[in-house]
Amino acid sequence: MKTKYAVEMSNITKQFGTFKAIDNLNLKVEEGSVHALLGENGAGKSTLMNLLFGFYDLDGGNIKINGADVTISDPNVAHELGIGMVHQHFKLVKPFTVAENVTLGSEIKKGMFVDTEASEKSVQKIIDKYNFTLDASATVADLSVGQQQRVEILKMLYQEANILIFDEPTGALTPQETEELLKTILELKEMGKTIIIITHKLNEIKAVADECTIIRKGKSIDTVNVAETSSDVLAELMVGRKVSFSVDKSDKQAGDSILVVEDISVTDKRGVQTLKPTSFNVKAGEIFGIAGIDGNGQLEIVEAITGLSKVSSGKISYRLENDYMEITNMNARKIAEMRISHIPQDRHKHGVVLDFNIAQNASLKDYYKKGFANGILLDKLKMRKLGEKLMEEHDIRAPHGLNSQLRDMSGGNQQKLIIGRELEQNPHILVASQPTRGVDVGAIENIHQKLLKVREENNAVILYSLELDEIIDLSDRILVMHDGEAMGIVDPKEVTKNEIGLLMAGKRLK
Amino acid sequence: MGIFGIIIFGTIALAAPLIAAALGGLFSERSGVVNIGLEGMMTAGAFGAAAVIAIMEINGLGGQGAIFAGLVVACLLGGLFGLLHAWLSITFKVDQIISGTVINIVTVAIAVYFTKILFGSANTKIIMTQPLKLGTVTYLSIFIILLCIVAYFLLYKTKWGKHVLAVGENPSAADAMGINVLKVRYQAVVLSGILGGLGGAAIVINSTNNFSALTVAGSGFIALAVLIFGRHNPFGVLAAGIIFGFFKTLGASVATIDPSLMPQMFRFLTTVPQVIYQMLPYLITIIVLVIFSRNKIMSMEALGEPYDKEVR
Amino acid sequence: MNKSNNISKFVIPLISVLVAMLIGSLILMVSGISPTALFQAIFKSTFGDFNGWLKITSMLIFTGLAIGFSYKGGLFNIGAEGQFIMASLVTSIFVVNSNLPNAIVPIAGLAVGFIAGALWAFLPGLLKATYGISEVVVTIMLNWIGMYLYDFIVQGYFHQASNAQQTPIIEPSKLLLINGFSYAIIFALIAAFVYWFILDKTTFGFEVKAIGHSKDISAYTGISARARTIQTMMISGGFAGLAGATYGLSYGYMSTISGNFSNYGFDGIAVALLGGLNAAGTIVAALLMGALRNAEAAFGIARIPSEISDIIIGLIILFSIIGPILAKKRQKRGA
Chain P
0 MKTKYAVEMS NITKQFGTFK AIDNLNLKVE EGSVHALLGE NGAGKSTLMN
50 LLFGFYDLDG GNIKINGADV TISDPNVAHE LGIGMVHQHF KLVKPFTVAE
100 NVTLGSEIKK GMFVDTEASE KSVQKIIDKY NFTLDASATV ADLSVGQQQR
150 VEILKMLYQE ANILIFDEPT GALTPQETEE LLKTILELKE MGKTIIIITH
200 KLNEIKAVAD ECTIIRKGKS IDTVNVAETS SDVLAELMVG RKVSFSVDKS
250 DKQAGDSILV VEDISVTDKR GVQTLKPTSF NVKAGEIFGI AGIDGNGQLE
300 IVEAITGLSK VSSGKISYRL ENDYMEITNM NARKIAEMRI SHIPQDRHKH
350 GVVLDFNIAQ NASLKDYYKK GFANGILLDK LKMRKLGEKL MEEHDIRAPH
400 GLNSQLRDMS GGNQQKLIIG RELEQNPHIL VASQPTRGVD VGAIENIHQK
450 LLKVREENNA VILYSLELDE IIDLSDRILV MHDGEAMGIV DPKEVTKNEI
500 GLLMAGKRLK
Chain Z
0 MGIFGIIIFG TIALAAPLIA AALGGLFSER SGVVNIGLEG MMTAGAFGAA
50 AVIAIMEING LGGQGAIFAG LVVACLLGGL FGLLHAWLSI TFKVDQIISG
100 TVINIVTVAI AVYFTKILFG SANTKIIMTQ PLKLGTVTYL SIFIILLCIV
150 AYFLLYKTKW GKHVLAVGEN PSAADAMGIN VLKVRYQAVV LSGILGGLGG
200 AAIVINSTNN FSALTVAGSG FIALAVLIFG RHNPFGVLAA GIIFGFFKTL
250 GASVATIDPS LMPQMFRFLT TVPQVIYQML PYLITIIVLV IFSRNKIMSM
300 EALGEPYDKE VR
Chain U
0 MNKSNNISKF VIPLISVLVA MLIGSLILMV SGISPTALFQ AIFKSTFGDF
50 NGWLKITSML IFTGLAIGFS YKGGLFNIGA EGQFIMASLV TSIFVVNSNL
100 PNAIVPIAGL AVGFIAGALW AFLPGLLKAT YGISEVVVTI MLNWIGMYLY
150 DFIVQGYFHQ ASNAQQTPII EPSKLLLING FSYAIIFALI AAFVYWFILD
200 KTTFGFEVKA IGHSKDISAY TGISARARTI QTMMISGGFA GLAGATYGLS
250 YGYMSTISGN FSNYGFDGIA VALLGGLNAA GTIVAALLMG ALRNAEAAFG
300 IARIPSEISD IIIGLIILFS IIGPILAKKR QKRGA
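Here it is as structure tokens:
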């Protein structure tokens, strides 16, 4: 019998400016199956799905849905074809209710007005049918991340979509929420839906997918049967070469405490305590990991140490030449001058000035310093030299060389510039906040090496990452956060990944 | 009519234009487009109404029909500049503040230019037709006040209103649900211009009876302050508009009031120099901004951001 | 890439000006006025009244720099008009009452104007830096407050024999004039140099631009966004204040119709945008706009409504902002 394909994409091409995001790519998804798209960050998976969903216009190639040629010019067409998508960044109107979000664009009307009651009823019906435990009249802003994702799934089901796309659906979920989602996906498959899941997490593919298409640099490399393919092979196909999953880390004894954090807490503008009193110390010559689901107080810790935000109580002391001095709530510049460097989580917001060029961004920490500036005058020659040095040492590539604006550079190259600049400060403590986010795999390894080198030189690294594997591989000790609270500090050699997952979910170890 | 009567009716007459224009600002800003060009749209409306009514009167066509025609033209002209603002800021993604500023500069110049061409002086001819009134309040003012209720239902209870709120809050969410973000924003900004034009016409019909460069005199900016003071919702706008109208009335009438008619405790008000009252709405605007800056409105996440779905 | 940028730097403003002039001419034709009268008036007044042209140009350079500086710092100072008015009044009062030697008085007057303009811009800077309140709205409000305050003071205290609202008259010997030539233009050129020097050469300028591009960089680098915002606003106000001071020091007094603006502050927006926010461009743009403004008296004689120059100026801004966007779109399509 001939296989029926729900989606056939052939010779797809999409360009952003001069950058070819999708290059002559092919994809065939069998009807009623779960099909995974595997690829590194920036391989073009999301772009491909945005094309299928009508968000972007196609530059070349053609698409068949259920065997018929189609042109998906905008999301409306996608809806009509029965394609629905859960985006990586939820597309929800936060002040609206669940029902308002689900019915947006296809509101139920009574006369001139929207019939709130009827729409809540009809949405609640679907919620109950799929056992989603949600209240249709609840405001989305008040829901948890997992619940918000269910609203996104509801939107597709309400539209009676048959082809469901999930773009990196587990990135912001707890392990338990992830499990629930994977169960839901299998249930949806049972009901005859075709599912495409975009991910770079191999275990998720193994858990739910029937087939997997591997995408590298905008090209489709291969489509494999998941049951017959090992994780190692999948990983190799993804990066295009064998990758070592373990990091070569020397056994070494950490030194004395270089940073002592005592009972710091942070209260946000709304008066919510986002970080409950937390204490720990960081030793010279160690990598101190901070693990947790996004938004559980990790960022608050990092920003308190680096001076980006203030603590409402507690004390942070830093050892400088054998004396401990308090750096609590000090200005970020003063902290940086004491050789605490910072690779910020949100590089566009904090790490660089996008409209400045490489030389200017390279000197962002030095431009004013005695010995760098000529009094009140910039030393442009020094700035250029520093920029050149960083470009060379860190293999930074840019369209117009030193004069390139950061805006025109890729995320990976921006990150390399930031890391280079921060290492140039010869830090005693390097605070690295999601240092590999949005960076391609080759660069990830390189960044890991740099963090390890700081440790080798007997300085400290504080590593905050949402990638649990990264933390486990690199860290000497791991602080696990849940709901703004420290759940404990563990040695990765002594606990399993699962145990850390439980801590992240708020269950204390015995 | 007693002093308070004068002040109350004066307040409504001066508040109505501000309310109309602020409702205009409401639709634009809730859809995500800052409309600092409201001043210019009011100017266009004020000029359109004054010129049409005066010309019709000159040609023996005066009367309520002329006033109606004036209002229609005012709305059209306001809407036209709304369209220009939409074109610049939505299609071309020009900085919305700059786009609005350009509109403000151009409209005053064009309006005064054509006033001179048509009337041979910097003022249009005074309109003789008395607008229809209920007591001393024009029906136009009543209409504008009722518009607040219409705006409320339009924004919160209709499909289109929900789309306006959605594109102002999270345009890409709206886009994903098949809503044409640019189209909704265009509609909201054009409506904003129409209401701004109506507001400008209301100044002419309620108060000045002609148009000159001084007719609108910052009312568009005060309308923006009314919008902020009114917390970006229609009934808030109504209340804020009345408060601002009250101060404008005080500024305009205090100097002409016979102190002996005032109750003893308010007589000091007549000794305050008029300039203080003239400045008062502008000063209050600043004070209001300071007071409300602390608790920003949650909504309108996307205000001021042009929508470009292919931004990576 | 860079070469084509350089070409568009000159070509776009040039086309903007030409198209605006063309449309202006069309509007005149529609109103039954010959456009040649417009160009004759501009030509005659520019070369017939060279000093008048330069006087206006110098003020437009100052206000153009004012807008440009604020824009570089991520702010939009629509309040240059109010700063101009207040500085003009304060400078006049200072110069008339000053006992300083005549050689120094005009320069001291400029300094006073700078300070007055800077102070009038302090509040919007403070409110922006402290509460995040839009400087656009606040400066617009301060324009009106400033204008009424000006009217009030001029009416109340310096009421001249005539009915015109005039600032006190400065004796000719205290003016910035030599045989009718206003050397304010020299100070304007110096100001343009200082503008370039601060923004391009100093660490302070680096910080102003950094904060202008990204407020969030403040927390990370420790550059005080608060201080830079206030300083940017005050320097911008200072430039506008120099323009206001120049008015009194060039003409001897300022005379306005009650409730009217001078428009020099607003014209600064056009100058800055047309000049591409850089010092040299601002000078060229100011010369052009100055010619238009200087011709307004001649327009009156030729029975052309003087608002035609406002229309043309508005159109120039319009085209100079759309121009680069259109050019970019075309370039993209070409690539």
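Residue numbers (numbering that gives the first Met the number 0), protein chains in the order written: chain P, 0 to 509; chain Z, 0 to 311; chain U, 0 to 334.
For each residue, glycine too, the CB sits at the ideal point set by N, CA and C.
Separation of K124(Z) and I52(Z) (C-alpha to C-alpha, rounded to the nearest whole angstrom) is 9 angstroms.
Against chain P, the beta carbon of K158(Z) has neighbours under 8 angstroms at E106, K108 and V113, listed in chain order. Partner residues in the beta bridge of K19(P), as assigned by DSSP, are Q14(P). Closer than 8 angstroms to the CB of Q277(Z) there is at least one CB belonging to chain U. According to DSSP, V188(Z) shares a beta bridge with no other residue. Between A12(Z) and S206(Z), the CB-CB gap stays under 8 angstroms.
Rounded to the nearest whole angstrom, the C-alpha separation of G410(P) and Q344(P) is 12 angstroms. Two segments are said to touch when three or more pairs of C-beta atoms, one from each, lie closer than 8 angstroms; by this definition the stretch 209–229 of chain U does not touch the stretch 293–302 of chain U.
By the Cβ rule, the stretch 8–16 of chain U does not count as touching the stretch 248–268 of chain U, because fewer than three pairs are nearer than 8 angstroms. Nearest Cα to G81(Z) within the set A121(Z), E38(Z), I66(Z) and A48(Z): E38(Z). Counting the other Cβ atoms within 10 Å of the Cβ of T100(Z) gives 16 or more, which makes it buried. Exclusion of the five residues before and after V18(U) leaves L314 and F318 as the residues of its chain whose Cβ lies within less than 8 angstroms of its Cβ. As a beta-bridge residue in DSSP terms, I194(P) pairs with V33(P) and L163(P). For V135(U), the CB contacts under 8 angstroms within the same chain, skipping 5 residues up- and downstream, are F75 and I77 in chain order. Shown here, G131(U) sits in coil according to DSSP, grouped into three states, outside any helix or strand.
By the Cβ-count criterion, E178(P) is exposed, with fewer than 16 other Cβ atoms from all chains shown falling within 10 Å of its own Cβ.
An exposed status is given to T270(Z), since fewer than 16 other beta-carbon atoms sit within 10 Å of its beta-carbon. Closest option to F118(Z), judged by alpha-carbon separation, among F142(Z), E56(Z) and K156(Z): E56(Z). Uninterrupted beta strand (DSSP E) stretches at least 3 residues long and entirely within the stretch 326–385 of chain P occur at 339–342, given in chain order.
Counting only Cβ-Cβ distances below 9 angstroms, P434(P) has no contacts in chain U at all, with the closest Cβ about 15 angstroms away.
Between the C-alpha atoms of V283(U) and Y147(U) there is a straight-line separation of about 33 angstroms.
Straight through space, the alpha carbons of G72(U) and F287(P) are spaced by roughly 39 angstroms. With respect to chain Z, the C-beta atom of S69(U) has no partner C-beta closer than 8 angstroms. With its beta carbon less than 8 angstroms from one in chain Z, G313(U) belongs to the interface. Comparing alpha carbon positions, the residue from Q252(P), D247(P) and I214(P) closest to A234(P) is I214(P). By the criterion of a C-beta distance shorter than 6 angstroms, G83(P) is surrounded in its chain by M155, Q158, A160 and L163, once the five residues flanking it on both sides are discounted.
Rounded to whole angstroms, the Cβ separation of I6(Z) and T255(Z) is 12 angstroms, and the two are not in contact under 8 angstroms. With respect to chain P, the C-beta atom of E168(Z) has a partner C-beta closer than 8 angstroms. Judged by beta-carbon spacing, L462(P) lies within the 8 angstroms limit of S474(P), meaning their Cβ atoms are closer than that value.
Assignment of beta-bridge partners to Q175(P) by DSSP yields no partner.
Excluding the 5 residues flanking it on each side, A208(P) has same chain C-beta neighbours closer than 6 angstroms at V33, A35 and V225, in chain order. Around the beta-carbon of H393(P), 16 or more other beta-carbon atoms lie within 10 Å, marking it buried. Within a 10 Å sphere around the beta-carbon of P304(U) sit 16 or more other beta-carbons, which makes this residue buried. Only residues of its own chain outside the window of five on either side were considered, and among them none has a CB closer than 6 angstroms to the CB of E79(P).
Taken through DSSP and simplified to helix, strand or coil, A15(Z) comes out as helix.
The stretch 445–463 of chain P and the stretch 285–301 of chain P touch, with three or more beta-carbon pairs separated by less than 8 angstroms.
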